[in-house]
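First the structure, in the form of structure tokens, and then the observations on it.
In the working numbering, the protein residues as written are 1061 to 1340.
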């Protein structure tokens, strides 16, 4: 399928994924608990239904979802300005995104197809090809040589980026309890960081055996005032307030390898936060 220049208008509310797996544990019986400190707040497009976030050289590459409105975009990290991008074909609900060796890889939710993009001289994504996978697509990252994919279950899949054949998988667990609803992913210092869908928590996962090594609690990161602003902005576009409130969830982790900064945001959130983590 072809791709077109990205539109930056606020999207229309459409149904989000329905839960298909059991909820993650509500406590962390065997692992350390961490909280956060906000170092900086950056502007973010409140119309962006964020599904994947990558940072490189002062810009974010962002995958946004919803059928008929999905994009891959290049964003000025400091200002939140959408510099350009591509509209994903209308039948697809875009999901996770990662950048490996100059190629962007983008998942879709239930279509079993993903897209690859090269970057032109201005850093803009250019549609390059497609790949297939048998599961749903939720989150995507890489460890430098393998792509790592989540599908909303307790399994993370490892793929060869050249052939997109599966080369391994792990079951994510906290003690004996499976951890499901693994969504957006980021690989940081040898560990996989995973948003747990519909929660304010990030699971830190050992890629060798799937063990959760820490839980990061980001409760309160989105202020009540900002949450109200999201609902009001979308209400002005005709969206149902309950839909907005239930979908404006934490989702989006990016890592600056040069400085060690960690960025987090959420679907429809007005800000990206630069954060550090501390033991509780």
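Glycine included, every Cβ here is placed at the ideal spot set by N, Cα and C.
Bear in mind the structure is a predicted one, so any value in this text is a computation, not a measurement.
Original post:
Which residues in the same chain have their Cβ closer than 7 angstroms to the Cβ of residue 1316, if we skip the five residues on either side of it in sequence?
Top reply: Residue 1316 sits at position 256 when you count from the first residue of the chain shown. Leaving aside the five residues that flank residue 1316 on each side, the residues in its chain whose CB is nearer than 7 angstroms to its CB run, in chain order, 1115.
**OP:** Taking residue 1153 as the reference, give the member of 1124, 1146, 1138, 1268 with the closest Cα.
**Re:** One-based indexing of the chain shown puts residue 1153 at position 93. The shortest C-alpha separation from residue 1153 is found at 1124.
Subject >> Touch test, the stretch 1178-1194 against the stretch 1155-1168, Cβ-Cβ under 8 angstroms, three pairs minimum >> reply: yes
Subject >> CA nearest to the CA of residue 1310, picked from 1318, 1327, 1294 >> reply: The sequence position of residue 1310 within the chain shown is 250, counting from 1. The residue with the shortest Cα to Cα distance from residue 1310 is 1327.
Original post:
How many whole angstroms separate the CB atoms of residue 1121 and residue 1277, which I take to be in contact at a CB cut-off of 8 angstroms?
Top reply: Residue numbering aside, residue 1121 sits at position 61 when the chain shown is read from its first letter. Residue numbering aside, residue 1277 sits at position 217 when the chain shown is read from its first letter. Between residue 1277 and residue 1121 the Cβ distance is about 27 angstroms, and since that is not below 8 angstroms, they are no contact.
Subject >> residue 1292, enclosing alpha helix (DSSP H) - first and last residue >> reply: Translated into the one-based positions of the chain shown, residue 1292 becomes position 232. Where residue 1292 is concerned, the enclosing alpha helix (DSSP H) stretches over 1284-1296.
Subject >> Which of helix, strand or coil DSSP assigns to residue 1111 >> reply: Here residue 1111 refers to the residue found at position 51 of the chain shown. Note: residue 1111 maps to strand in three-state DSSP.
Subject >> Extent of the continuous beta strand (DSSP E) run through residue 1093 >> reply: Looking up residue 1093 in the chain shown gives position 33. Looking at the DSSP string, the run of the beta strand (DSSP E) that includes residue 1093 is 1092-1103.
Original post:
Cβ atoms of residue 1204 and residue 1218: under 7 angstroms apart, would you say?
Top reply: On the chain shown, position 158 is the one that residue 1218 refers to. On the chain shown, position 144 is the one that residue 1204 refers to. No. Outside cutoff.
Subject >> Cβ pair residue 1148, residue 1130 closer than 7 angstroms >> reply: Translated into the one-based positions of the chain shown, residue 1148 becomes position 88. Translated into the one-based positions of the chain shown, residue 1130 becomes position 70. Cβ atoms of residue 1148 and residue 1130: closer than 7 angstroms.
Original post:
According to DSSP, which residues form a beta bridge with residue 1218?
Top reply: One-based indexing of the chain shown puts residue 1218 at position 158. In the DSSP output, where bridge partners are listed per residue, residue 1218 has 1208, 1228.
**OP:** Would you tell me roughly how many angstroms separate the C-alpha atoms of residue 1313 and residue 1323, rounded to the nearest one?
**Re:** As a first step, residue 1313 must be located in the chain shown, where it is residue number 253. As a first step, residue 1323 must be located in the chain shown, where it is residue number 263. So the alpha carbons of these two residues sit roughly 6 angstroms apart.
Subject >> Cut-off 8 angstroms between Cβ atoms - residues of its own chain near residue 1118, not counting five sequence neighbours on either side >> reply: Your numbering for residue 1118 matches position 58 in the chain shown. Counting only Cβ-Cβ distances below 8 angstroms, and skipping sequence neighbours, we find 1136, 1137, 1138.
Original post:
In terms of residues, what are the limits of the beta strand (DSSP E) holding residue 1135?
Top reply: Within the chain shown, the letter at position 75 stands for residue 1135. It spans 1131-1136 - the beta strand (DSSP E) in which residue 1135 sits, taken as one unbroken run.
**OP:** Could you check what DSSP says for residue 1302 in three-state terms: helix, strand or coil?
**Re:** Position 242 of the chain shown, counting from 1, holds the residue named residue 1302. It is helical.
Subject >> Inter-residue spacing [alpha-carbon to alpha-carbon] between residue 1183 and residue 1177 >> reply: By one-based count along the chain shown, residue 1183 stands at place 123. By one-based count along the chain shown, residue 1177 stands at place 117. Using only the alpha carbons, I get a separation of about 11 angstroms.
Original post:
Per DSSP, what kind of secondary structure is residue 1243 in: helix, strand or coil?
Top reply: Counted from its first residue, the chain shown places residue 1243 at position 183. Residue 1243: strand per DSSP, three-state reduction.
**OP:** Please work out which residues of its chain come closer than 6 angstroms, Cβ to Cβ, to residue 1220, disregarding the five sequence neighbours upstream and downstream, and give them in chain order.
**Re:** For the purposes of this step, residue 1220 is identified with residue 160 of the chain shown, where counting begins at 1. Only 1227 meet the Cβ criterion.
Subject >> Close Cβ partners of residue 1084 (< 6 angstroms) along its chain, the five nearest in sequence each way excluded >> reply: If you number the chain shown from 1, residue 1084 lands on position 24. Low per-residue confidence applies at residue 1084: pLDDT is 39, beneath 50, and the placement is therefore not dependable enough to give any value.
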